[in-house]
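Residue numbering for the sequence shown follows UniProt numbering, beginning at 1 and increasing consecutively.
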Amino acid sequence: MIPKTVIAIAAICVLTGCETDAPATGGTAAAGDIRQFEGAKAGQAEMAIQNMGYRLVRSQGLTSFWYNDAIADCAQIVTSEGRYASITSVDPGVCA
């Protein structure tokens, strides 16, 4: 039987990706990394986003703002029908 810890670590690796890709063009590297969660179920992706160093700074309706102190990136996440419909890098001042 596989311990629950091993299963949890494997799930995090799947959600966050186990290899490094080149940053997406037209945005910060962080926005490219976090954008992989577009379309994901909000409840399942939230822990993976936190593991990437983001913290929730505020929510307004179905829009939440997450900030990563290490890379000074602010991400705006819009949720629709329980899924992350869009993830956009915005000015860090928005998360202040």
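Note that CB positions come from ideal geometry on N, CA and C, so glycine has one too.
In DSSP terms, what Q76 is bridged to:
The partner list for Q76 (beta bridge, DSSP) reads F65 and T88.
Alpha-carbon to alpha-carbon, Q50 and Y84
15 Å
Give the range of the beta strand (DSSP E) segment to which Q60 is assigned.
Y54 to Q60
Kindly indicate the opening and closing residues of the alpha helix (DSSP H) around residue 110.
This structure leaves residue 110 out entirely; the chain is present only between 1 and 96.
Spatial distance of residue 100 from S80 (CA atoms):
Only positions 1 to 96 of the chain appear in this structure, which leaves residue 100 out of reach.
Give me, in chain order, the residues of the same chain whose beta-carbon lies closer than 8 Å to that of F65; leave out the 5 immediate sequence neighbours on both sides.
L56, V57, R58, S59, C74, A75, Q76, I77, V90, V94 and C95
Taking the alpha-carbon of D69 as reference, which of T88, L62, G61 and G53 has the nearest alpha-carbon?
The residue with the shortest Cα to Cα distance from D69 is G53.
Report the rounded CA-to-CA distance for E38 versus G82, giving the unit in angstroms.
Each residue's alpha carbon lies about 11 Å from the other.
Per DSSP, which one or two residues make a beta bridge with R83?
According to DSSP, which records beta bridges pairwise, R83 is partnered with K41 and S80.
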